[in-house]
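Notes follow the structure.
Numbering (the numbering used here), first residue to last: 1 to 221.
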């Protein structure tokens, strides 16, 4: 298995599932014939029982060979939405410390869809594909506030010793909810492009996928 094969498999393990086109975007977009090259690689990985396809999707969706996600699971669409958000982020910078559905506590505490550092700013990302009641959203925010008050987040390995930062709660949603909190910062946008547009004009242009170590810290207006 070559380096690219391992990278594809690692992404499938991390994201649970990915569509063929998402794999092309992340691993083959720089090639002259990305579709045919991707198809050949995925077929080889499939033949060697590293990955398996969900053939009810066109183009196919792929998962690690031992994945327990059923072909008709609604979670597939959710995980694909997470990958789409990650890909959107990479158009502007390369996220680091990426965690998919991380467990920061016992069941019933916060359960964000993705955590990452993006331009030196920590984000807990919630991808809302459906519309929820105000009661459900307020309950979600209360769990984030309880997590803030627990001080567990101050022990995260990426925290700076002299300045502890609680992640911005970023909600990717087409529905704007009436959310207020005296403890945490909540940002609601329909997509990452809209998030970028909240920054100063100099920040609006997509950059290459290579991220400088210095980075640019995000400041929400």
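Even for Gly, the Cβ is constructed at its ideal location relative to N, Cα and C.
Local conformation of residue i per DSSP, three classes
| i | result |
| --- | --- |
| residue 137 | helix |
| residue 119 | coil |
| residue 48 | coil |
| residue 100 | strand |
| residue 43 | helix |
| residue 68 | coil |
| residue 32 | coil |
| residue 107 | coil |
| residue 164 | coil |
| residue 158 | coil |
| residue 146 | helix |
Close beta carbons around residue i, own chain, < 7 Å, minus the five adjacent residues each side
| i | result |
| --- | --- |
| residue 207 | Low local confidence applies: a pLDDT of 46 at residue 207 is under 50, so the model's placement there is unreliable, and no value is given. |
Sequence-distant residues of its chain with Cβ nearer than 6 Å to residue i (five each side left out)
| i | result |
| --- | --- |
| residue 142 | none |
| residue 114 | 82, 100, 125 |
| residue 183 | 145, 148 |
| residue 17 | 61, 63, 76, 79 |
According to DSSP, residues forming a beta bridge with residue i
| i | result |
| --- | --- |
| residue 126 | 171 |
| residue 61 | 19, 54 |
| residue 114 | 100, 125 |
Integer-rounded CB distance, given that residue j should sit under 8 Å from residue i
| i | j | result |
| --- | --- | --- |
| residue 54 | residue 71 | 5 Å |
Host alpha helix (DSSP H) of residue i (start-end)
| i | result |
| --- | --- |
| residue 188 | Per DSSP, residue 188 belongs to no alpha helix (DSSP H); it is in the beta strand (DSSP E), 186-189. |
| residue 85 | 75-90 |
| residue 181 | Premise fails: residue 181 is in no alpha helix (DSSP H) and is neither H nor E. |
| residue 193 | 192-196 |
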